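A.B. asks: To start, I am sharing the structure in question, which I have written as structure tokens.
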Amino acid sequence: MTTTDASAPARVYRDYAHPLWRRLLFTREAAIVVLLVLVYAVAAASVRNFAAPITITYLLLDVAAILFIALPMTLVIITGEIDLSVASIVGLSSVTLGTLHQAGLPIEAAGTVAILVGVVAGAINGFFITVVGLPSLAVTIGTLALFRGLAVGLLGTTAVTDFTEFWTDLAKSKIPGTPIPSVMIVFVVLAIAFAVLLHFTPFGRGIFAIGLSSEAARFSGVKVEQTKFILFVLSGAVSALAGIYYTLRFGSARGDNATGLELSVIAAVLLGGVSIFGGRGNILGVIAGVLLIGILGSALRLANVTSDVINIITGALLVASVVSTSVLAWVHRKRIGAGIKKGPPAPAQD
Amino acid sequence: MSRLAHLLKARETGIALALVLVVVATTVKNPAFLFSSDGWRDLLLTPSILMLVAVGQAIVIITRNVDLSVGSVVGLSAYLTGRVFIDLPGIPWPLVFVIGLVFGGLLGLVNGALVAFAKVPALVITLGTLYVYRGINVMWTGSDRINSSDMPREFLALGTSSFLFVPWLTIIALIVLVAAGWFLRTQRAGRELYAIGSDPAAAHLYGLRVTQRVLAAFVVCGALAGLAGVLYAARYGTVNSQAGSGWELDAVGAAVIGGVAIFGGSGTVWGAAIGAYLLLTINRALPVIGVQDFWQRAVVGVLILGAIVLDRVLAVRQSRRLTEARNR
Amino acid sequence: MSETPDAPAQPDAPAVLELSRIAKAFGAVVALTNGTLRLERGSIHALVGENGAGKSTLVKIVAGLYQRDAGEFRLEGDSVDFTSTAQAKDAGIAVIYQEPTLFPDLSVTENLFMGRQPRGALGVIDRRAMRAEALELFERLGVRIDPDRPTLGLSIADQQIIEIAKAISLDARVLIMDEPTAALSGVEVERLFAVARGLRDEGRAILFISHRFDEVFALCDTVTVMRDGAYIATSPIGDTTVAEIVRQMVGRDVTTLFPKQEVPIGDVVLEVEHLTQPGVFTDVSFVARAGEIVALAGLVGAGRSEIARAVFGVDPYASGTVTVAGRALPRHSPAAAMRAGIALVPEDRRQQGLVLSSSVARNATLAIRRQLARLGLITNAAENASARIWASRLEVKTASLDTEVGTLSGGNQQKVVLGKWLATDPKVLFVDEPTRGIDVGTKAEVHRLLSELAGQGMAVVMISSELPEVLGMADRVLVVHEGRITADIPREEATAESVMFAATHTAGEAA
Amino acid sequence: SDDGGSGGGGDGGDNLAITFLPKNLGNPYFDTSSAGGKEAVESFDGTFAEVGPTEAAPDAQVSFINTLTQQGVGGIVVSANDPEAICDALNEARDAGIKVVTFDSDTNPDCRDLFINQATAEGIAKVQVDLIADQIGGAGEIAILSATANATNQNAWIDLMKDYLASDYPDITLVDTVYGDDDDQTSFDKTAALLQTYPELKGIISPTTVGISAAARYLSTSEFKGKVALTGLGTPNQMRDFVEDGTVTAFALWNPSDLGYLAAFAAKALITGEITGAKGDTFEAGKLGSFEVGDGGTVLLGDPYVFDADNIGDFDF
Ligand SMILES: Nc1ncnc2c1ncn2[C@@H]1O[C@H](COP(=O)(O)OP(=O)(O)OP(=O)(O)O)[C@@H](O)[C@H]1O
Ligand SMILES: Nc1ncnc2c1ncn2[C@@H]1O[C@H](COP(=O)(O)OP(=O)(O)OP(=O)(O)O)[C@@H](O)[C@H]1O
Ligand SMILES: [Mg+2]
Ligand SMILES: [Mg+2]
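Chains as they are written, first to last, in this note's numbering: chain A, 10 to 359; chain B, 36 to 363; chain C, 273 to 783; chain D, 86 to 402.
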């Protein structure tokens with residue numbers, strides 16, 4: 010079946026409007042990666058001791074929890090939702106692990122239960138957001154308090170610290186012959202899994218479609234609610250995993266572990282080029298975003314810059330990154346004048 | 036519809052009822068919660084400062100935005116208050132209120148300008164300024180702190196003393212609340228804030244000055260956070276670089292509990308104020324009722340969830356009623 | 273535009289509103305090339321033209337929402353340049369936009385008076401006066417709407433009435449109505465006309481945009497026709513005919529447009545039985561056979577789209593069954609419907625049909641992303657390959673496959689939606705207003721395509737508000753009225769009269 | 086004088102770059118101890134620095150310790166937020182040749198070389214209980230307002246206080262322990278809650294300088310002023326007003342400045358190899374004289390000092 014007129018010259022469809030190098034180079038992600046490399050190079054050249062391999066070890070150990078949680082958070086934000094309860098789930102998982110271990114369970118079993126707790130926590134978020142239909146920002150502000158309260162309530166003043174050395178050492182061990190912590194193996198596996206899920210599966214295509222237009226996605230057979238539910242459960246599970254890592258790394262299970270981490274995660278994800286309106290972002294950019302914040306912090310601390318200045322720089326970077334995107338988009342619109350952009354306020358259209 | 040029926044159906048009524056319930060239950064358990072001069076004073080006083088921040092937050096949320104930097108603004112302005120007293124000895128203390136308001140307003144202006152002109156999401160911008168403002172605060176304060184001895188007695192007295200059994204801070208907060216409530220309900224500009232939050236695209240089509248109004252909402256929110264910072268200094272007497280940290284979620288929580296829809300367009304500052312009172316009163320009541328210190332956060336979380344679910348149920352019921360009314 | 277004639281001769285007195293050679297482009301999309309219009313005091317002026325002719329764009333330029341790229345805009349003879357809708361409002365121009373622009377959380381009264389509420393001392397809004405004024409307005413329009421309820425959940429018709437009331441109460445010298453009657457019933461339309469005539473007699477100028485010629489002829493005294501963003505002609509209503517206007521609108525005779533091939537009709541593919549969703553549609557039963565084009569006709573708001581959406585599973589339904597090729601479908605599951613072989617080209621292409629800020633390739637393959645996956649993995653290469661096939665079959669005009677689909681012209685967007693669904697190789701294809709907003713040439717192409725698809729054994733269910741399209745394309749016409757199917761008219765018996773009669777009368781009354 | 090990574094090797098001699106890592110910055114108690122440390126380090130021509138988190142979070146100190154390890158400082162003087170969480174980081178620092186001295190709040194003994202104890206835990210617990218018992222007349226309800234729930238030193242003292250109360254003051258009941266997180270506002274509000282929850286309350290012990298000053302500030306303006314006794318550990322500068330206005334009669338503390346001073350000298354002695362941290366080692370600590378390492382690698386500063394209206398004027402820290 011064809012409607013092509015045999016006499017008419019066949020139209021040629023290029024796959025891409027721009028060559029590969031341009032498409033790769035002129036993206037938010039590329040900008041972040043370039044910035045990352047630049048910052049690393051400048052720091053290595055100018056900050057004493059920064060170039061040492063141990064920097065990489067410490068840096069990765071420090072940002073590992075953020076890296077983990079950033080993965081599902083990326084997917085959640087791409088669907089246009091948000092999960093503020095992740096750090097509280099870290100605390101809850103840490104406390105679960107600690108209490109059960111204290112009660113005599115081996116780490117493997119206690120860890121499994123901790124992850125299940127994370128799954129349940131994520132499912133609670135998912136239930137309120139997709140079944141009851143509440144805004145995720147409000148729901149997860151509530152569960153942020155709830156999960157943290159449970160965590161702190163369960164352990165009270167005590168902290169569980171008597172973890173088997175095998176596990177606490179494992180959490181900090183390096184891949185033999187490299188400065189890279191072995192926990193990065195787990196991360197790389199997870200990151201590949203999430204990247205494939207987001208960028209190379211029908212499920213991932215659905216995630217993007219939901220973020221850009223959930224109505225159009227629903228009309229295309231994307232199971233919007235189910236997808237979001239799964240993502241919140243994933244977010245809970247991975248946060249719980251991060252909680253286990255956190256606990257073992259510091260050898261201390263406490264209810265207030267990782268307090269406030271949610272904002273660091275979200276800041277890093279947004280810096281990595283994910284749009285808070287949903288529909289845009291990629292895993293590579295997010296990883297670069299997390300590492301950028303980590304490297305900046307590590308280099309500045311080594312240069313004896315105080316944490317307040319580091320915070321200012323982080324915040325300013327975040328603001329600059331979105332404002333610059335918005336300004337670039339505006340310039341782009343001025344130049345080619347397309348009238349369609351996502352995000353309020355846009356004039357209603359026919 | 037009679038006024039009474041109207042009042043009973045208002046979204047704020049349920050939450051106000053919950054507040055009354057908490058107070059009554061706690062008082063029954065321990066009469067001192069209400070019937071002692073400190074109990075009465077703290078009941079009114081403790082939530083007053085958060086209330087100011089929640090009122091500002093509600094105004095911003097009504098326009099379908101959010102301001103996460105309020106906690107940092109409170110901290111900065113509280114420290115500024117102390118610095119003013121130290122660096123400008125003899126300054127008449129009422130002037131610091133003006134300074135706090137203006138200063139907070141300026142910080143709000145930065146947020147508002149970025150949101151309104153650069154057209155970037157408020158959540159991201161104010162998350163960024165949350166870090167920046169707090170960082171500036173820490174940099175400025177260092178390990179310094181303001182002690183009560185640095186501030187004039189009359190000013191500090193504001194933080195605790197009362198007028199006709201109502202603490203001064205509460206009176207200030209109430210005046211602001213009434214003014215904000217009055218403005219939002221009776222002034223054109225106030226109604227336009229609702230319109231903008233209800234449907235920004237329609238507001239644009241309609242010719243409302245969206246940019247200007249959103250900017251103003253952020254300035255007001257910042258100014259109220261600034262005022263809250265001044266009151267913080269008066270109430271707590273000591274200010275270090277962490278004053279007000281974490282208040283952003285309390286303020287958003289208070290507004291949401293009080294029935295301000297997170298996607299804008301509906302809710303009142305009265306609701307947000309009651310939400311703030313409920314949030315902090317629960318916090319104070321739980322130990323009296325016998326809930327252990329550590330479990331209180333969990334109860335607060337359940338409460339927030341309960342409030343938004345209730346709000347949702349009411350909204351669904353109303354929309355069903357409206358649909359049925361249409362198919363009359 | 274070589275065929276563009278000169279603007280009408282200029283009388284001496286300046287018109288209230290005068291537009292000449294207005295141009296406006298949205299990036300690659302040229303909406304207006306020569307917007308020309310002269311609106312006189314005490315006159316009701318019709319503006320007609322096909323979908324996408326640029327009528328609404330012209331209105332939005334007058335309203336100050338868009339700024340023109342070129343041309344002249346005079347108000348009472350003075351050149352003006354609005355940069356905001358507020359300025360236009362202040363200059364005495366009231367606009368009813370094509371899409372309602374109400375604030376759902378606010379009360380009806382507040383919606384009417386937003387930004388110009390009556391005020392008392394201290395600038396306090398006088399709610400009592402405002403409410404009284406609202407009631408008075410509704411009285412004048414002869415409608416009963418509770419002024420205190422929020423506009424959330426109001427029917428499209430009621431929303432439209434509020435828009436009208438809002439515009440009237442502005443007391444403007446120029447009133448522009450962009451398809452105000454699209455959602456109204458006969459009684460309400462009559463009321464509106466009475467009010468409009470009253471305003472005309474007071475000396476105001478009214479611009480009336482409509483696709484309904486009967487209304488144009490009943491109400492207006494002058495008519496201006498636009499095509500492809502350009503002015504075609506202005507004539508006093510008495511000097512022209514429907515046929516003449518249509519010829520000016522389309523540029524050729526319309527009868528050649530609807531070529532439905534005669535093909536043998538096969539077995540029943542889709543069977544819908546007793547579908548009911550309270551308040552939306554009731555006891556809807558119909559079948560569609562292989563090779564058949566079934567048209568769902570009816571007035572706007574009759575519930576045709578809702579029926580299609582429910583069958584496809586996007587909307588829920590309370591009772592009834594949907595069967596495809598003998599297998600019953602679960603409710604409320606588009607994924608299941610797609611697996612069974614149903615496809616739906618929705619009416620709102622920009623919201624429902626396309627992910628506007630995504631690429632052509634991603635859109636064209638969104639519905640078949642699972643089929644394209646190998647071992648669960650999907651690649652850009654696979655998507656591009658599939659998208660290229662459909663882009664070339666439908667001759668989509670796009671620079672590349674990774675172009676944002678929102679930047680394509682409306683017709684090409686519609687082709688992408690069609691391609692997206694044809695790629696699923698459906699047994700039953702629902703098309704809801706498939707030719708809305710697409711140009712004449714493409715329209716013929718779409719018709720040819722639908723006819724070809726039927727010829728290959730697909731069952732096509734077409735929802736259309738254009739009677740000629742329905743009559744030209746359909747093997748069978750099902751008429752929907754207030755959520756019920758009131759008539760099932762075979763091709764031979766389908767005439768404008770029989771369809772319109774069924775569309776405006778309940779089942780009992782229908783012959 | 087401090088250019089960050091200056092530590093690495095010094096000029097052939099011992100690396101006297103000593104960095105203080107308090108629980109958090111902006112805490113007057115630690116400001117004073119760091120000042121003492123600075124005085125000491127300068128007196129022996131070392132390089133003094135102070136780094137730290139803005140909030141007393143358990144894990145926040147780790148990245149600072151790591152950074153110091155990378156910078157290769159000679160010694161770290163730290164007050165631990167969590168006995169366990171920073172342990173491994175400290176051990177890594179020690180593996181890199183850095184001497185680790187804890188002060189004020191200890192870690193597990195196997196993660197540091199020395200602990201400079203401000204006073205024996207028993208002594209600290211005893212002085213506070215004795216003070217409150219004296220102020221409330223030996224009988225009635227009391228409560229404790231502590232720092233963070235996991236603070237090592239506070240928790241140890243509180244346990245000892247309970248034992249001591251049970252054995253020596255059977256008529257005093259400890260009704261509750263609440264946690265102000267070493268945060269002014271939280272401590273302030275918790276004080277209010279305590280007073281309301283326990284109308285019969287006779288006294289509050291706050292074994293933390295942040296807590297006691299916040300509690301004093303609340304009390305000074307409340308109806309309970311003069312009725313509910315308050316004591317604990319506070320700095321004279323913060324408590325002066327409240328002692329003068331009668332809210333507080335007496336409270337205890339050691340001299341934090343001396344504590345920092347001693348810790349710095351201990352670090353120096355370790356770095357120069359003068360001592361190894363073994364029991365029985367002795368070292369000179371400048372103006373404070375000579376000290377001996379006791380059991381469990383602990384050095385004791387002395388006994389807590391009681392401040393009251395008569396002597397508070399003599400102190401400025
Ligand atoms: N904001 C916009 N951005 C891009 N293209 C636009 C925009 N608004 C209108 N267009 C395009 O301009 C052309 C004219 O649209 P317009 O809405 O003026 O048509 P119309 O005559 O009102 O049609 P209808 O009868 O369907 O209302 C169309 O091709 C449309 O797609
Ligand atoms: N009572 C109502 N309340 C709110 N929205 C309504 C109501 N009735 C119809 N609508 C909306 O109005 C639009 C037109 O209604 P519907 O789709 O049922 O009509 P239709 O017969 O398909 O006509 P068309 O497709 O030509 O608009 C739809 O978007 C529908 O959601
Ligand atoms: Mg139009
Ligand atoms: Mg329809």
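Glycine included, each C-beta is placed from N, C-alpha and C at the ideal position. From a predicted model like this one, the values you see are computed outputs, not experimental measurements.
(1) Counting contacts by CB-CB distance shorter than 8 Å, is C172 of chain D in contact with chain A?
(2) Could you pull out every residue in the same chain whose Cβ sits closer than 7 Å to the Cβ of S629 of chain C, ignoring the five residues on either side in sequence?
(3) Give me the Cα-Cα distance between L179 of chain A and S191 of chain A, rounded to the nearest whole angstrom.
(4) Could you check where the beta strand (DSSP E) with G343 of chain C kicks off and where it finishes?
(5) Looking at the structure shown, is E619 of chain C part of a helix, part of a strand, or coil, going by DSSP?
(6) Grouping DSSP H, G and I as helix and E and B as strand, with all else coil, what is A333 of chain B?
(7) Contact criterion: CB-CB distance below 8 Å. Does A314 of chain D meet it with respect to chain A?
(8) Starting from T593 of chain C, trace the beta strand (DSSP E) in both directions and tell me its first and last residue.
(9) Alpha carbons only, please: which of D:I150, D:P292 and D:G374 is nearest the one belonging to I209 of chain D?
(10) Restricting to Cα atoms, I'd like to know which of B:A53, B:P322, B:V58 and B:E283 is closest to M86 of chain B.
(11) Would you call S375 of chain D buried or exposed, if buried means 16 or more other Cβ atoms sit within 10 Å of its Cβ?
(12) Taking the Cβ atom as the reference point for each residue, do L313 of chain B and G91 of chain B lie within a distance shorter than 8 Å?
(13) In the DSSP assignment, what are the bridge partners of H753 of chain C?
(14) Assign F152 of chain B to one of two classes, buried (16 or more other C-beta atoms within 10 Å of its C-beta) or exposed (fewer than that).
(15) Report the residue from C:L739, C:A766 and C:N383 whose alpha carbon sits nearest the alpha carbon of Y241 of chain B.
(16) Is A142 of chain D close to chain A? Criterion is C-beta to C-beta, closer than 8 Å.
(17) Taking its Cβ as the centre, do 16 or more other Cβ atoms sit within 10 Å of G501 of chain C, making it buried, or is it exposed?
(18) Buried or exposed for E290 of chain C, going by 16 or more other Cβ atoms inside 10 Å?
(19) In its own chain, which residues sit with a C-beta less than 8 Å from the C-beta of L644 of chain C, not counting the 5 before and 5 after it?
(20) Give the C-beta separation of W275 of chain B and G111 of chain D to the nearest angstrom, bearing in mind that I take them to be a contact with Cβ-Cβ under 8 Å.
(21) My understanding is that Y249 of chain D touches G223 of chain D, with C-beta atoms under 8 Å, so please give their C-beta distance in whole angstroms.
(22) Applying a beta-carbon distance threshold of less than 7 Å, which residues of chain C neighbour A381 of chain A?
(23) Compute the Euclidean distance between the alpha carbons of F77 of chain A and V247 of chain A, then round it to the nearest angstrom.
(24) Would Q359 of chain C pass as an interface residue toward chain A - the criterion being a Cβ-Cβ separation below 8 Å?
(25) I want to see whether chain B comes within less than 8 Å of D24 of chain A, judged by CB atoms only; does it?
(26) Please list, in chain order, all residues of the same chain as G49 of chain B whose beta carbon is under 7 Å from its beta carbon, the five residues on each side excluded.
(27) What does DSSP give as the partner residues of P762 of chain C in its beta bridges?
(28) Work out the CA separation of G306 of chain A and T315 of chain A for me, nearest whole Å.
(29) Note down, in chain order, each residue of its chain lying with its Cβ closer than 7 Å to the Cβ of A249 of chain A, except the 5 sequence neighbours on either side.
(30) Whether or not the region 477–497 of chain C and the region 314–330 of chain C are in contact is what I'm after, with contact meaning three or more pairs of Cβ atoms, one per stretch, closer than 8 Å; do they touch?
(31) Which bits of chain A does M610 of chain C rub up against, with CB to CB less than 7 Å?
C.D. replies: Result, derived from the coordinates:
(1) Counting from 1 along the fourth sequence, the entry for residue 172 of chain D is found at position 87. Taking Cβ atoms only, chain A reaches closer than 8 Å to C172 of chain D, which makes this a yes.
(2) On the third sequence, residue 629 of chain C is found 357 positions in, with the first residue counted as 1. So the qualifying residues of the chain are E676 and G678.
(3) The residue labelled residue 179 of chain A in the question sits at position 170 within the first sequence. The residue labelled residue 191 of chain A in the question sits at position 182 within the first sequence. Taking the straight line joining both Cα atoms gives about 8 Å.
(4) Residue numbering aside, residue 343 of chain C sits at position 71 when the third sequence is read from its first letter. Run containing G343 of chain C: A342 to L347, per the beta strand (DSSP E) assignment.
(5) Indexing the third sequence from 1 puts residue 619 of chain C at position 347. DSSP places E619 of chain C in coil when its eight states are reduced to three.
(6) Numbered from its first residue, the second sequence carries residue 333 of chain B at position 298. The answer is helix: DSSP assigns A333 of chain B an H, G or I state.
(7) The residue given as residue 314 of chain D occupies position 229 in the fourth sequence. It does not: the Cβ of A314 of chain D has no partner Cβ on chain A nearer than 8 Å.
(8) Counting from one through the third sequence, the residue named residue 593 of chain C turns up at place 321. Its beta strand (DSSP E) spans residues S591 to V596.
(9) Working through the fourth sequence from its first residue, we reach residue 209 of chain D at position 124. Ranking the options by Cα distance to I209 of chain D, first place goes to D:P292.
(10) Sequence index remark: in the second sequence, residue 86 of chain B carries index 51 (1-based). For the residues B:A53, B:P322, B:V58 and B:E283, the minimum Cα distance to M86 of chain B belongs to B:E283.
(11) Translated into the one-based positions of the fourth sequence, residue 375 of chain D becomes position 290. The residue in question, S375 of chain D, is exposed, as its Cβ has fewer than 16 Cβ neighbours within 10 Å.
(12) Within the second sequence, numbered from 1, the residue matching residue 313 of chain B stands at position 278. Within the second sequence, numbered from 1, the residue matching residue 91 of chain B stands at position 56. Cβ atoms of L313 of chain B and G91 of chain B: not closer than 8 Å.
(13) On the third sequence, position 481 is the one that residue 753 of chain C refers to. Answer is C:R756.
(14) In the second sequence, residue 152 of chain B corresponds to position 117, counting from 1. That one is exposed.
(15) In the second sequence, counting from the first residue as 1, residue 241 of chain B sits at position 206. Comparing Cα positions, the closest option is C:N383.
(16) Here the question's residue 142 of chain D lines up with position 57 in the fourth sequence. Yes, A142 of chain D counts as interfacial toward chain A.
(17) Mapped onto the third sequence, residue 501 of chain C falls at position 229. Per the 10 Å Cβ criterion, buried.
(18) Your numbering for residue 290 of chain C matches position 18 in the third sequence. So E290 of chain C counts as buried.
(19) Position 372 of the third sequence, counted from the start, is the residue given in the question as residue 644 of chain C. If we look at L644 of chain C and ignore the five residues flanking it on each side, its Cβ neighbours are T637, I650, A654, E655 and S658.
(20) Start at 1 with the first residue of the second sequence, and residue 275 of chain B comes out as number 240. Start at 1 with the first residue of the fourth sequence, and residue 111 of chain D comes out as number 26. Per the sequence shown, residue 275 of chain B should be read as Asn rather than Trp. About 4 Å separates the two Cβ atoms, so the contact holds.
(21) Position 164 of the fourth sequence, counted from the first residue, corresponds to residue 249 of chain D. Position 138 of the fourth sequence, counted from the first residue, corresponds to residue 223 of chain D. That pair is no contact at about 13 Å.
(22) What the structure shows of chain A is the stretch from 10 to 359, and residue 381 of chain A is not part of that stretch, so it cannot be assessed.
(23) Within the first sequence, residue 77 of chain A is the residue found at index 68, counting from 1. Within the first sequence, residue 247 of chain A is the residue found at index 238, counting from 1. Whole-angstrom Cα-Cα distance: 7 Å.
(24) On the third sequence, residue 359 of chain C is found 87 positions in, with the first residue counted as 1. Q359 of chain C does not count as touching chain A.
(25) On the first sequence, residue 24 of chain A is found 15 positions in, with the first residue counted as 1. Chain B, which has no Cβ nearer than 8 Å to the Cβ of D24 of chain A, makes this no.
(26) As a first step, residue 49 of chain B is located in the second sequence; it is residue number 14 there, counting from the start. Contacts found: L345.
(27) Your numbering for residue 762 of chain C matches position 490 in the third sequence. Bridge partners of P762 of chain C: C:R748.
(28) Translated into positions along the first sequence, residue 315 of chain A becomes position 306. Translated into positions along the first sequence, residue 306 of chain A becomes position 297. Between T315 of chain A and G306 of chain A, the C-alpha separation is close to 9 Å.
(29) To locate residue 249 of chain A, count along the first sequence from 1; it is residue 240. Only I98, S102, A123, I124, V126 and G127 meet the Cβ criterion.
(30) yes
(31) Residue numbering aside, residue 610 of chain C sits at position 338 when the third sequence is read from its first letter. Those are G230, listed as they occur along chain A.
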